[in-house]
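Student: Residue numbers (full-length UniProt numbering): 1 to 684.
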């Protein structure tokens, strides 16, 4: 057997795969894309059917030369990049660079990095799928046309350095629309009325006002509540019906990219970017004690929840061994709502027997948390439903009806593996039909309707997915990009549009309404799917898009006026010219700049003050970022003062040692701890 060169994307993936293959295989990594459109120009020949001009990405020349050198030594070449559009495009570029035969079966794909998966893939090579390549190519060209045509217009009319993205602009619009909805919201008054009773078991139970025999009555004001109370005050309620039953709560499906990002955010507090970085590490391979390098997860960019039969069978065996046959679910095939990723599975561990506890010492703290979440979710997806006893009681007084209801868990099913706060038992009242009940008290409460909440990363990802905007691989980059560009900022956990975000969104709505139209963007995503399926030519889609887009562009150039963007003035004085410095947004976040530019070119780092004094020197404590992007808190007088802490300080002193207290979180709840590690003081 001759030498085979296997080409993958990631160096860590290459390392893992090399251990599964024999001496007749050599694995090289491209470290991502090797060719792309040039950064300095459009790179698309609009007059010649939108032909793209691909060039070698800066820094990738040496990688290409090494691959070429290894290719000359090899008898055969296998392209093993990721099993998606981008992976297919990378394989296509490598194939062209190496002058490989288009009709040759050289492309292999696998959805988990395990020995069996790799060996099975090598036995089943196929040709490069040109439809997948064309779908990726169309997306790249559409994004380039929007970005490189609108951005110069924004530079000219609003502010130098701005940029517009096809999908990112829709995401910003969604956030801006929600903010406008919140600002325009008018709260409406409503009331609730509860009756506090004693049930047959002597327990205190709450029954809530429903209405009367004709149906539900909305309590809109205090007068309505007082009128009802005047009629029923001091009188008994009696039970008119008691309905008992059972309900089943089905287990959740295995994670998709979107649901993983949402759940990791809600349960672990991980950003989408952090979740995908950790998941990529677990997918590509981790050194596990006793096993060596092994991929712990299946492919992590997917919108399918389908599970392979082998994985189902392994999970079935595990559940029978650990829990018994009552806990085994009836797992039917679940079809993906779209076809694009249906060749993939849902995200799952490559072996259910590789439990989180078993491999904990081989993982970092955050890797362990994410792996445990995915492992438990997959196990739960293969288990039986939880079963609850339910009861609904109707109680009557003077023609008015109150309702009491509750549920009691009688069989946990999948909850033994994957529980949630929502799965806790609710109050379960015990009443006999026809029984008369004394009312201990009535509890009327005034409420006001609340505006819709701002988006978090999790809820924005859900909104993008629900509206068909973007794809599994794009959710995390979208959220990172709109923050880096200064269109959106994060306040606590919420995404809030900036003034710049509103201005750019208004421009896009007025002059490029299709670009920020949710339905139009979703329809374009659907057309990219059709290119992948071979039903439409990619040039046809790009041409159709560009004809309308170019008309809008010419109109905007003619009609759009200049927009003045007010810069935020800081209290920091420029030591060179005495002006108050202004806060600007750059590629790496906020910074301070002198408004006297170009006469004065002074700039400084921007540090967010938190209103707490340094316990060492009395200077301001400011929020900073480490070289790896991790936030921390330090004294503004650094390096003269060395005070720093990873946790946010509060304006309170430790009663034991006098150090400052810091904010911590445990089990989703905040508590306060002494910043001095040698002091054990803490308080809730």
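Glycine residues also receive a C-beta, built at the ideal position from the N, C-alpha and C atoms.
Pick out the complete alpha helix (DSSP H) segments inside the region 49 to 73, 4 residues or longer, and give them in chain order.
Tutor: Runs found: 61 to 73.
Student: In terms of DSSP beta bridges, what is residue 390 paired with?
Tutor: In DSSP, residue 390 forms a bridge with 245 and 407.
Student: Can you round the beta-carbon distance between residue 315 and residue 352 to whole angstroms, since I take them to be within the 8 angstroms contact cut?
Tutor: The Cβ separation is near 5 angstroms, so the contact holds.
Student: Taking buried to mean at least 16 other C-beta atoms within 10 Å of its own C-beta, is residue 483 buried or exposed?
Tutor: Classification for residue 483: buried.
Student: With a threshold of 8 angstroms, are at least 3 pairs of Cβ atoms found where one atom belongs to the region 369 to 389 and the other to the region 402 to 419?
Tutor: The region 369 to 389, when compared against the region 402 to 419, does touch it at the 8 angstroms Cβ threshold.
Student: Note down, in chain order, each residue of its chain lying with its Cβ closer than 8 angstroms to the Cβ of residue 104, except the 5 sequence neighbours on either side.
Tutor: The answer, listed in chain order, is 127.
Student: To which residues of the same chain is residue 497 closer than 6 angstroms at the C-beta, ignoring the five residues directly before and after it?
Tutor: Excluding sequence neighbours, residue 497 sits near 175, 176, 179 and 488.
Student: Thinking C-beta only, is residue 611 closer than 8 angstroms to residue 685?
Tutor: The question about residue 685 has no answer here: the residues shown for the chain are numbered 1 through 684.
Student: Is residue 255 closer than 8 angstroms to residue 319 when the C-beta atoms are compared?
Tutor: No. Outside cutoff.
Student: Straight-line CA distance for residue 341 to residue 501?
Tutor: Legend: pLDDT at residue 341 = 43, less than 50; position of this residue unreliable, value from coordinates given subsequently. Taking the straight line from one Cα to the other gives about 32 angstroms.
Student: With distance defined between alpha-carbon atoms, name the residue in 543, 453, 647 and 442 nearest to residue 230.
Tutor: The shortest Cα separation from residue 230 among 543, 453, 647 and 442 belongs to 442.
Student: Cα-Cα, which of 106, 192, 268 and 296 is closest to residue 13?
Tutor: Closest option to residue 13, Cα to Cα, is 296.
Student: Count the other C-beta atoms from every protein chain shown that fall within 10 angstroms of the C-beta of residue 447, then say buried if there are 16 or more, exposed otherwise.
Tutor: Counting Cβ neighbours within 10 Å, residue 447 comes out exposed, since fewer than 16 surround it.
Student: Are residue 265 and residue 458 closer than 8 angstroms when you measure CB to CB?
Tutor: Closer than 8 angstroms, so yes.
Student: Would you call residue 9 buried or exposed, if buried means 16 or more other Cβ atoms sit within 10 Å of its Cβ?
Tutor: Buried: at least 16 other Cβ atoms inside 10 Å.
Student: Are residue 205 and residue 193 closer than 8 angstroms when you measure CB to CB?
Tutor: No.
Student: If you run the structure through DSSP and keep just helix, strand and coil, what is residue 341?
Tutor: Confidence at residue 341 is low in this model, with a pLDDT of 43, below 50, so its placement is unreliable and the value that follows should be read with caution. Looking at residue 341 - three-state DSSP - the assignment turns out to be coil, as it is neither helix nor strand.
Student: Apply the 10 Å Cβ neighbour rule to residue 333 and answer buried if 16 or more other Cβ atoms are within range, or exposed otherwise.
Tutor: At residue 333, the pLDDT of 47 sits below 50, so the modelled position is not reliable; the number obtained from the coordinates is stated separately. Result: exposed.
Student: Just confirm the distance between the C-beta atoms of residue 7 and residue 34, as a whole number of angstroms; I'd bet it's less than 8 angstroms.
Tutor: Wrong, their Cβ atoms sit about 10 angstroms apart, outside the cutoff.
Student: Going by the DSSP bridge assignment, what does residue 622 pair with across the sheet?
Tutor: Answer is 609 and 634, bridged to residue 622.
Student: Distance, Cα to Cα, residue 652 vs residue 573?
Tutor: Whole-angstrom Cα-Cα distance: 30 angstroms.
Student: State the Cα-Cα distance for the pair residue 676 and residue 639, rounded to the nearest angstrom.
Tutor: Computed Cα separation, rounded: 20 angstroms.
Student: Would you say residue 90 lies against chain C (beta-carbon separation less than 8 angstroms)?
Tutor: In the structure shown, chain C cannot be found, because there is only a single protein chain.
Student: Restricting to Cα atoms, I'd like to know which of 172, 82 and 124 is closest to residue 503.
Tutor: It is 172.
Student: Where do the N-terminal and C-terminal ends of the beta strand (DSSP E) with residue 443 fall, by residue?
Tutor: That run of the beta strand (DSSP E) goes 439 to 448.
Student: Compute the Euclidean distance between the alpha carbons of residue 474 and residue 75, then round it to the nearest angstrom.
Tutor: Taking the straight line from one Cα to the other gives about 37 angstroms.
Student: Round the Cβ separation of residue 257 and residue 301 to the nearest angstrom and send it over; I've been treating them as touching at under 8 angstroms.
Tutor: Confirmed, Cβ separation roughly 5 angstroms.
Student: Figure out for me which residue from 218, 480 and 277 has the closest Cα to the Cα of residue 191.
Tutor: Minimum Cα distance to residue 191 is reached at 218.
Student: Restricting to Cα atoms, I'd like to know which of 455, 467 and 507 is closest to residue 492.
Tutor: Answer by Cα proximity: 455.
Student: Contact between the region 503 to 516 and the region 558 to 566 is defined here as three or more beta-carbon pairs at a separation below 8 angstroms; is this criterion met?
Tutor: Touching, yes.
Student: Report all residues from its chain with a CB closer than 8 angstroms to the CB of residue 154; omit the five preceding and five following residues, and keep chain order.
Tutor: Excluding positions up to five away in sequence, the list reads 162, 163, 164, 504 and 507.
Student: Sorted by chain position, which residues of the same chain lie with C-beta nearer than 8 angstroms to residue 540's C-beta, five sequence neighbours on each side aside?
Tutor: Cβ within range, chain order: n/a, list empty.
Student: Are residue 293 and residue 15 close, meaning C-beta to C-beta below 8 angstroms?
Tutor: Taking 8 angstroms as the Cβ cut-off, residue 293 and residue 15 qualify as a contacting pair.
Student: Mapping DSSP to helix, strand and coil, what is residue 333?
Tutor: Its pLDDT being 47, under 50, residue 333 is placed unreliably by the model, and nothing is read from it.
Student: Looking only at its own chain, which residues have a Cβ that is under 8 angstroms from the Cβ of residue 509, when we skip the five neighbours before and after it?
Tutor: Only 173 and 516 meet the Cβ criterion.
Student: What residue from 376, 394, 143 and 144 has the CA that sits closest to residue 241's CA?
Tutor: Selected option, being the one with the closest Cα: 394.
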